[in-house]
Amino acid sequence: QNNCDQTYFEEGSRWIKGQLNAFKDPDPKAAYGFASADFRATNSIDQFASIISNQYPMLLDLEKFEIYSCDSSEDYFLFGVKVTGNDSKAYWMEYLLSRINGAWGVDGASLAPEAQS
8 QNNCDQTYFE
18 EGSRWIKGQL
28 NAFKDPDPKA
38 AYGFASADFR
48 ATNSIDQFAS
58 IISNQYPMLL
68 DLEKFEIYSC
78 DSSEDYFLFG
88 VKVTGNDSKA
98 YWMEYLLSRI
108 NGAWGVDGAS
118 LAPEAQS
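Per this note's numbering, the sequence shown runs over residues 8 to 124.
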C-alpha cells in the first residue's frame with residue numbers, strides 16, 4: 008500500500024534510515040536529532056533514550072531493516088518498516104513522520120499489529 012509521492016517516500020525513507028543507523032551510536036543525541044520539533048518539545052533526550060531502551064530495544068541491535076510502505080495525509084506520513092534484530096527476530100513497525108515547512112521529523116513509532124506473529 009502506497010499513496011505517497013515517490014519523492015516523499017524516498018526522502019522519508021532516508022530520514023528513517025538515518026535514525027535507525029544513528030541508534031548504533033551509544034550517545035542518544037544522534038538518533039534524537041531525527042525526532043520532530045513537536046516530539047522534542049514534549050520529550051527530553053533522557054525520556055527518548057528511556058522509551059527506546061524499554062520499548063524498542065531491538066532498534067539498538069539491528070541486523071537489517073526494510074521500508075515497505077507509506078501512507079500520507081497532508082503533512083503526516085505513516086511508513087511501514089520491517090526491522091530484524093541481530094537475534095534474527097523480525098518486527099513490523101509503523102513510523103509516523105511529519106514534514107513541516109520542508110523539514111522531516113519522526114513523531115513516533117509503534118509495533119504494528121502483525122508484529123505479534
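Ideal placement from N, C-alpha and C gives every residue a C-beta, glycine not left out.
{"Check": "Excluding the five sequence neighbours on either side, which residues of its own chain have a C-beta within less than 6 Å of the C-beta of residue 20, listed in chain order?", "Outcome": "74"}
{"Check": "Going by DSSP, what residues sit across from residue 91 in a beta bridge?", "Outcome": "71 and 97"}
{"Check": "Does the region 75–88 touch the region 59–67, meaning 3 or more C-beta pairs lie closer than 8 Å?", "Outcome": "no"}
{"Check": "Residues in its own chain within less than 8 Å of residue 68 by CB, not counting five upstream and five downstream?", "Outcome": "92, 93 and 94"}
{"Check": "Report yes if the C-beta distance between residue 10 and residue 78 is below 8 Å; otherwise report no.", "Outcome": "yes"}
{"Check": "On a CA-only basis, which of 59, 35, 14 and 23 is nearest residue 103? Give me that one, please.", "Outcome": "23"}
{"Check": "Quick check on the DSSP output: the beta strand (DSSP E) that includes residue 115 runs from which residue to which?", "Outcome": "110–118"}
{"Check": "Take residue 105 as the anchor and find which of 43, 12 and 58 has the nearest alpha-carbon.", "Outcome": "43"}
{"Check": "If you run the structure through DSSP and keep just helix, strand and coil, what is residue 63?", "Outcome": "coil"}
{"Check": "Taking the CB atoms as reference points, tell me whether residue 113 and residue 41 lie closer together than 8 Å.", "Outcome": "yes"}
{"Check": "Going by the beta-carbon positions, is the gap between residue 116 and residue 99 smaller than 8 Å?", "Outcome": "no"}
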